[in-house]
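There are 2 protein chains.
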Amino acid sequence: MDAAKILKKRGLRITKIRVAILETLAANLQALPYSKLQKDLSRFDRTTLYRTLLILRDKGFIHKALEEKGESYYALCSNCTSSMHNHNHVHFKCNRCSTVQCLHITNKLDLSIPKISINSIEIIAKGTCSACLLAD
Amino acid sequence: MDAAKILKKRGLRITKIRVAILETLAANLQALPYSKLQKDLSRFDRTTLYRTLLILRDKGFIHKALEEKGESYYALCSNCTSSMHNHNHVHFKCNRCSTVQCLHITNKLDLSIPKISINSIEIIAKGTCSACLLAD
DNA sequence: ACATAAATGCAACAATGTTGCATTAATAAT
DNA sequence: ATTATTAATGCAACATTGTTGCATTTATGT
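Residue numbers (this note's numbering), protein chains in the order written: chain R, 1 to 136; chain U, 1001 to 1136.
Below, the structure is given as structure tokens:
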């Protein structure tokens, strides 16, 4: 993954923390909790991390996979842009090892409720991940 | 709604803040953000509110309908107990007026993913609520 | 009314969110 | 390559929420 090239292609300045965040997220299969990003990227100021996460989210590079107990989990986007965020996948959290992952599903989920206009649907599943199932 | 009676029936002590929380939530159709509870119940200590919310959640009286941007939204449970939490409903947030409500749906949502054991599924829908649609 | 277990309020601290502002860095223009 | 300009960064500061320990008060069964 060439984070610099990706940033450039999408018209964003190439800065150290942006490259670092993208590479950190790319290096993990799971979504990463804020606290982990904070720790891994502690060479940067906390405010900068905070603002950079906002920008990368806004521009469609990353998304918040889950927010739970005051902690946000971040993951790379696969197909988003500034104008279009489509996260048609399920966010799964393992109750045992606490990892969070994005699961791409084929099932199309349609939900319609009278008198309400629904723009987006988010699904959060919890259970036991394959690694923990195997560890039994 | 007789909060005291409900608490007693479920074996919890009847205290002012418990009654107040249950009545506050019962008085609203929507789920209430923590900040609103905090404000309405400011006559009680913040720690007590925090701990009481934990207890009422644990005992199945209330549930966290949504956690977003660091803010938790709470609502009454309809059929939960200490041992059984079943929230088979959708949590809906209106993007315009920011209200959060629990929508009871009939559609059964089944999701199965290979190699993973799923225990619970939560659905969060966002869009425009009926009141805001009418206000156009 | 009393004993006892539980709930409360207070103090204190941690983590995250958030803003303003001066400094520094990235890019475009020369 | 140097400079101008625009954006990003780091620092300080403060708000909100989460969390724990402990002394005091309250709810309830006897």
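Cβ atoms here follow ideal geometry from the backbone N, Cα and C, with glycine treated the same way.
By the 10 Å Cβ neighbour count, where 16 or more other Cβ atoms means buried, how is residue i classified, buried or exposed?
i, result
"R51(R)", "exposed"
"I21(R)", "buried"
"I1014(U)", "exposed"
"H1104(U)", "exposed"
"R1143(U)", "Residue 1143(U) is absent from the model: chain U starts at 1001 and stops at 1136."
"A1027(U)", "exposed"
"L1134(U)", "exposed"
"L1056(U)", "buried"
"L1054(U)", "exposed"
Whose C-alpha, out of the options, is nearest the C-alpha of residue i?
i, options, result
"N1079(U)", "F1061(U), K1069(U), T1015(U) and G1070(U)", "F1061(U)"
"S117(R)", "N1119(U), S1117(U) and T1128(U)", "T1128(U)"
"A131(R)", "I17(R), R43(R), K16(R) and L29(R)", "L29(R)"
"C1094(U)", "E1068(U), I1113(U), K1009(U) and D1045(U)", "E1068(U)"
"P1114(U)", "G11(R), S35(R) and F92(R)", "F92(R)"
"M1084(U)", "K1008(U), N1119(U) and M1001(U)", "N1119(U)"
"S1142(U)", "K1009(U), S1035(U) and A1004(U)", "In this structure chain U extends from 1001 to 1136, so residue 1142(U) is not present and cannot be described."
"K1016(U)", "V1090(U), F1044(U), N1086(U) and L1111(U)", "F1044(U)"
"N86(R)", "K59(R), D2(R) and L7(R)", "K59(R)"
"R1096(U)", "Q1038(U), L1111(U), K1126(U) and H1089(U)", "K1126(U)"
"H1063(U)", "T1048(U), A1003(U), K1039(U) and H1089(U)", "H1089(U)"
Please find out if some non-hydrogen atom of the ligand FAD comes closer than 6 Å to the beta-carbon of residue i.
i, result
"L22(R)", "What this structure holds is no ligand at all, so the ligand FAD is not there to describe."
List the whole-angstrom C-beta distance separating residue i from residue j, where the pair is believed to meet the contact cut-off of C-beta under 8 Å.
i, j, result
"I1124(U)", "L1066(U)", "6 Å"
"T1024(U)", "L1032(U)", "7 Å"
"I71(R)", "S35(R)", "The residue asked about is misnamed: residue 71(R) is Glu in this sequence, not Ile. About 6 Å separates the two Cβ atoms, so the contact holds."
Worksheet item: In the stretch 1040-1117 of chain U, which residue ranges form an unbroken beta strand (DSSP E) of at least 3 residues, counting only runs that do not cross its ends?
Response: 1062-1068, 1071-1076, 1089-1094 and 1100-1104
Worksheet entry | Meets three-Cβ-pair contact criterion under 8 Å: the stretch 1062-1079 of chain U and the stretch 1087-1103 of chain U | yes
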